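Below is one structure; the comments refer to it alone.
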Amino acid sequence: MNGTRAAPGVTPSEVAMNGKNEMEVVEQAPIPKTNANIGLKSPVNTVEDVNQEDSTNSPPPIPHVEINQMPLSMIIRNLTVYTVKEISQYMKTTVHMNTADTSTARKMRFLNLLIFIRNQFLKLYVLIKWCRTIKENNFNIMIDLLNWFRGTNMTVNNCIWALKSTLESTTNAKLPNVDLVTALEVLTLGRPNLPTHDFKLSGENNEYETVNGQLRIPTKLIMQRLKDLNIIVMIKISSIDIPKQFNNYEIRDGRVYITVPGEFEIQLSTIDRHSPFFFVDFKLLFAGTDSLFNKPRLEKIINDVLLRNKKPLYSLYSLLHRYVLTLQLYMIHLELLNLENDGKFSGGNLVHSYNAKKSLIVMKYWRNGKLGNKTKIIIGVDRKSEDLVLKWDNENAKQSMHMPLVYTHVVGNVEAILDEIMFNHSRLIRADLLSRGVFQEDEEDPSVLLFQLPTTCLSTAPIQLKIDLVSGVFYFKNPSPLLLEYVSQINRAETPEDLTSVLQRLKLDKIVHIIRNMFDKTGWVCSKVIKLDNPIATSVNSEEIKTNLLQNDMFIRLASWPVNWYLILTIVSSNSSCIIEKRIGKIISTSGKWKVQYLDTTNVLSLKLESITYKKIISLQKSTLNRIINHTLIDSLNHLKTRNKVCSPDLIVNSLPKHLLEDEVDDKVPHSIENYHHISLITIELESFLEGSKALSGILESTMFLRMDYKKFEIRLYGKFKRSTMAFHCQCDDLLINFVEREPLAFYLAETFTNLNEIVQYLTLFRQKLMQLVVLTDVVERLHKNFASDHFKIISLKPNEVTFKYLKSSTDDKDCTINIITNEQTIKNLTVKLSDKNPQHIIQPFIDNQQFEYQFIFSYLQFTSPLFCCLKEILDESNKEERLENAKEESDSTRTSTSITLGLHNLSEYQLVYFNPELGYKITLILELKEVSINGKKKIQFYVHFSQDEHITTKSSAYPLIHQVRNEIFMLEMKKRDGTPSLIKLDNTRNVIRLGNGISCDSDSIVEVLMSINKILLGDSKSAPQITTVPPTNKTI
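Under the numbering used here, read the sequence shown as residues 434 to 1470, first letter to last.
This is the structure we're talking about:
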């Protein structure tokens, strides 16, 4: 009780108090010399005691044992059998043991086995030898004695355990250090050896009742002494300084009860006001501490603190407060160990480290989750309040004003506090994820995060994502196999951004799965093998937007498509929408890597996911095939280095000629894109298509059109001549060229395709035919230009052959044949073949051996054709006269003959040799082709003159002939004395130039000049000349 006072005059006494508040009060007085002390025997023995001592002089008999005995032979037999089994078992197991063991180790194990078995036999041998020393070999006495020793030992052990239990039960005895002697007296005598003043310690009302001659202590005296102690304690507690934590105390039963809420309760007492306080009892005010502290050692330490310090209660509080904090921290450590090993956080979800020196516990939770495992919990002593607190170290929680970070009253509430912290942490994560606009909140269950995942192109369904409060990992409710694949990725996310990115990939994969399923059901083939190093560039240009987007490229094709061509679907997914871009591309594999060889970047179609239906996917099979064919042709044209461009639908309808769209155009039907959806046009540059040929620049228009008709499976190449050519008037069905009726200058080449993989081959075929057409047209044009005359005529016209006549007096079916030699792709060469009856056939070796351009050959043949016709006529006339004169040769022996020889040194120089062996002369007439300037214009002329190598003198018989030619043909015109001209008049010789030593003329005058000279040279010779032809030499022009 507080403030209780005892009656004055009560002498101090020593009070011993146990844990049950039982009290025993004894006074300090000399022990009287009497035998009535409590717990002591009288020194005088009675008769019964003496008789009892006499009866115990002879030892009692040892009990005989007859159970659990067997013959010695049986023991030896069993030990022998055991030995044999052990050795055989060792031999069997040694074979299958680890071969890495050395032989020394195996020998040591075998030696230990032998020593063990030897000791067993040695024990039996010693037992037998000892039994033989017994009188009359009665070893049964030894067994009985051994059994008696065992029983006696058990009795002694029971006594020892009883003493230990008694010692433990007396640990609550409260004895101060100042009464250590009294405690020893109680231990030895069973009672304190203190003066009793002839009173017996009893609470009976009869104050004068005696026990063994001693009076009992009255109850009133006991209560009076307690009141006196209360007053002494009150005076002492009032006279010293006490800490504020000890203000809650109570004085009763001769002691002070000091209570610190939530920590401990200590009971102190004293003898008088001059004596220090001493320890009476100590009790912790929190559960589970009965076996955690040593009360006797604590009592000694407390009494020592109360005795030695000037402010004993301050020191006592500091000691006990630190002790309680350490004890509480250790209890929390034990509780955490239980939670980690056998509790709800088992499996590594909670880990803590206990530092007893620093009085600190650091915990980390959610070890299996990456998103929240960076936070920690610290349990320690607060510097300000000096209380045990738990602090939650979380940056996001510090910014929130509604979540506690520091917890008190930790002891016994660790699990509940951890549950609250983990719940608050999950709320922080949920709030952070909800603020990003990716998740939605579930109205029925606030702990669930809803994420909208597409189920079809038009519908979505929410999936429920939750956080396990124990492990900190995310999990889906009712997960599908696709969700289970992404759970591990979600739990590996270290930041909310990473988690959002994982969910976006989940959404993208789900969209890809939906689209792939739709294409698979409609007959498409989705490739899972193609993986590009760099994704397809999308139409999204903003880098800020790109960071929030995810992309996946799908490569889809049909089995009938050309090889390596794909419909590329680029799926671009964001938090709120999904866009799909369609392209056409060609993907090839080189060196184990996939590369984009061709990609259509102009006609990119963008669709939303909601707009994709099965109907549109089926319609893609036709429209995409058309685009595939277009891009196949474009890619092939690019490989051929042909410049091209795809015509847009508006351009096709509004600007291009109608004959490009239909075979027979109906003007009454208006143009519309729907009428020509099955037709596509590609413009082609002619020069690049024919590999830069300049010959076609003046023949065809520079732009051609490649038309694809997917309805008829027909490919056409449209072209147009710049002007009307002579080739139009020639029939050539082998070229398969079709002319447009409404456009006389327009034509087209057509082919029907059945295999898409072979459609590229038609480009090569078209180029070959077009090259043949161009060359053929150019050849025909040049033939008509060079051989412009009434007697020029093309006999036959084929893709690789032109046969024509150009000689005036030709009697053959054809004069010349031009062959166009081609390879698989281009025109290789042109060959000119003159007919055998052609007068110009003599120059065929020069044409064959020299690579002349066919324009030069045509001009040469046209310019020299009159010359060679004249030469042929001279030679034929001479040959005819030779046949007539052969009949008269025998009768007219005096007749002389002149032979004419034609020789060619090259294509620019010819010679006629007149040789008369009878008269002994030879006249050489030279004909040369030279380039001369007439009136400032350069022209090709014939130059006719005599050879300077003959050295004909005036005495020669040939001199008069040469002199006559020079005077009449070569010399300028002069008049005779009678006024008549001295030269032969040449008809139609306007372009004749007399040079004195020779004459120059064009192809139109060469015939008359040459016939005049020939007439003079043969004028005096009345015999037919002998004509021979000299084969041409190999000299070049």
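Even for Gly, the Cβ is constructed at its ideal location relative to N, Cα and C. No experiment lies behind these values; they were computed from the predicted model shown.
Item to check | Contact under 8 Å by Cβ, L1450 with V1365 | outcome: For the 8 Å CB-CB criterion, L1450 and V1365 do not form a contact.
Item to check | Residue of N1424, D1281, S1389 minimising C-alpha distance to I1373 | outcome: Of the listed residues, the one whose Cα sits closest to I1373 is N1424.
Checklist entry - Do the stretch 882–890 and the stretch 939–947 meet, that is, are 3 or more Cβ pairs less than 8 Å apart? => result The stretch 939–947 and the stretch 882–890 touch, with three or more beta-carbon pairs separated by less than 8 Å.
Checklist entry - Who are the near neighbours of K797 in its chain, counting only those whose CB is closer than 6 Å to its CB and skipping five residues on each side? => result V784, K809.
Next on the checklist: Rounding to the nearest angstrom, what Cα-Cα distance links R583 and N590 in this structure?
Outcome noted: In this model, R583 and N590 are separated by some 10 Å (Cα to Cα).
Item to check | Proximity below 8 Å, CB of F1154 to CB of I1170 | outcome: No. Outside cutoff.
Item to check | 8 Å CB neighbourhood of W581 in its chain, flanking five on each side removed | outcome: Contacts found: I495, P496.
Checklist entry - Exposed or buried, what is V528 when buried is set at 16 or more other beta-carbons lying within 10 Å of its beta-carbon? => result Under the 10 Å beta carbon count, V528 is surrounded by fewer than 16 other beta carbons and is classified as exposed.
Next on the checklist: Tell me the residue span of the beta strand (DSSP E) that contains F1138.
Outcome noted: Counting along the chain, the beta strand (DSSP E) containing F1138 begins and ends at 1136–1142.
Item to check | Minimum length 4: unbroken alpha helix (DSSP H) runs contained in the stretch 640–712 | outcome: 652–672, all fully within the stretch 640–712.
Next on the checklist: Quick check on Y558: buried or exposed, where buried means 16 or more other Cβ atoms within 10 Å of its Cβ?
Outcome noted: Result: exposed.
Checklist entry - Going by DSSP, what residues sit across from V822 in a beta bridge? => result Answer by DSSP bridge pairing, in chain order: G813.
Item to check | Pairwise C-alpha distance: N1349 and G1452 | outcome: If you draw a straight line from the Cα of G1452 to the Cα of N1349, it comes to about 13 Å.
Checklist entry - Looking at the unbroken alpha helix (DSSP H) that takes in N591, where does it start and where does it end? => result Unbroken alpha helix (DSSP H) run through N591: 573–602.
Next on the checklist: Looking at R1076: is its Cβ nearer than 8 Å to the Cβ of S1121?
Outcome noted: One thing to note: R1076 has its Cβ within 8 Å of the Cβ of S1121.
Next on the checklist: Buried or exposed, going by whether 16 or more other CB atoms sit within 10 Å of the CB of Q1381?
Outcome noted: That one is exposed.
Checklist entry - For the beta strand (DSSP E) that K990 lies in, which residues bound it at each end? => result Reading the sequence as shown, one finds Arg at residue 990 and not Lys. Here the beta strand (DSSP E) through R990 covers 983–990.
Next on the checklist: According to DSSP, is L1451 part of a helix, a strand, or is it coil?
Outcome noted: In the three-state DSSP reduction, L1451 falls in the coil class, being neither helix nor strand.
Next on the checklist: Please identify the residue among P1272, D1033, E683, R688 whose C-alpha is closest to the C-alpha of L659.
Outcome noted: Per the Cα distances, R688.
Checklist entry - Residue ranges of each beta strand (DSSP E) run of no fewer than 3 residues wholly in the stretch 849–910, ordered along the chain? => result If we require 3 residues or more, the beta strand (DSSP E) runs fully inside the stretch 849–910 come out as 882–887, 893–900, 907–909.
Item to check | DSSP-derived helix/strand/coil call for E1234 | outcome: Note: E1234 maps to strand in three-state DSSP.
Item to check | Cβ-Cβ separation, N681 to V871 (assumed contact under 8 Å), whole Å | outcome: With 8 Å as the limit, V871 and N681 do not qualify as a contact, their Cβ atoms being about 56 Å apart.
Checklist entry - Given a threshold of 16 other Cβ atoms within 10 Å of its Cβ, counted over all protein chains shown, does A720 qualify as buried or as exposed? => result Taking all protein chains in view, the Cβ of A720 is surrounded by fewer than 16 other Cβ atoms within 10 Å, so the residue is classified as exposed.
Checklist entry - When the distance is taken between beta carbons, is I1045 closer than 8 Å to I1013? => result Yes, the Cβ-Cβ distance between I1013 and I1045 is below 8 Å.
Checklist entry - With distances taken from CA atoms, which of T1187, Y1151, A1179, F1180 is nearest Y1143? => result Cα-wise, what sits closest to Y1143 is T1187.
Checklist entry - For Y747, which residues of its own chain have a beta-carbon under 6 Å away from its beta-carbon, when the five flanking residues on both sides are left out? => result Around Y747, the same chain offers P676 as residues with beta carbons nearer than 6 Å, after the five sequence neighbours per side are excluded.
Checklist entry - Between L1178 and E1147, what straight-line distance do the alpha-carbon atoms span, to the nearest angstrom? => result Approximately 22 Å, taken between the alpha carbons.
Checklist entry - In terms of residues, what are the limits of the beta strand (DSSP E) holding F1348? => result Residues 1342–1349.
Next on the checklist: Mapping the DSSP letters down to three states, classify D1281 as helix, strand or coil.
Outcome noted: Annotated three-state conformation of D1281 is helix, per DSSP.
Checklist entry - Applying the criterion that 16 or more other CB atoms from any shown protein chain within 10 Å of the CB defines a buried residue, is H1378 buried or exposed? => result By the 10 Å Cβ count, H1378 comes out buried.
Checklist entry - Which word fits W594, buried or exposed, when buried means at least 16 other C-beta atoms lie within 10 angstroms of its C-beta? => result Around the beta-carbon of W594, fewer than 16 other beta-carbon atoms lie within 10 Å, marking it exposed.
Checklist entry - Can you list, in chain order, the residues of its chain whose CB lies under 7 Å from that of L983, leaving out five sequence neighbours each side? => result Counting only Cβ-Cβ distances below 7 Å, and skipping sequence neighbours, we find Q937, R938, L941, S1006.
Checklist entry - Would you say the stretch 916–927 touches the stretch 854–871, given that touching needs at least three Cβ pairs under 8 Å? => result In this structure the stretch 916–927 does not lie against the stretch 854–871, because fewer than three pairs of beta carbons, one per stretch, are closer than 8 Å.
Checklist entry - Is it the case that the Cβ atoms of I665 and T603 are separated by a distance below 8 Å? => result At the C-beta level, I665 and T603 stay beyond 8 Å of one another.
Checklist entry - To the nearest whole angstrom, what separates the beta carbons of I1020 and N997, a pair I think is in contact under 8 Å? => result 6 Å between Cβ atoms; contact.
Item to check | Alpha carbon of V498 to alpha carbon of N571, nearest angstrom | outcome: Rounded to whole angstroms, V498 to N571 spans 13 Å at the Cα level.
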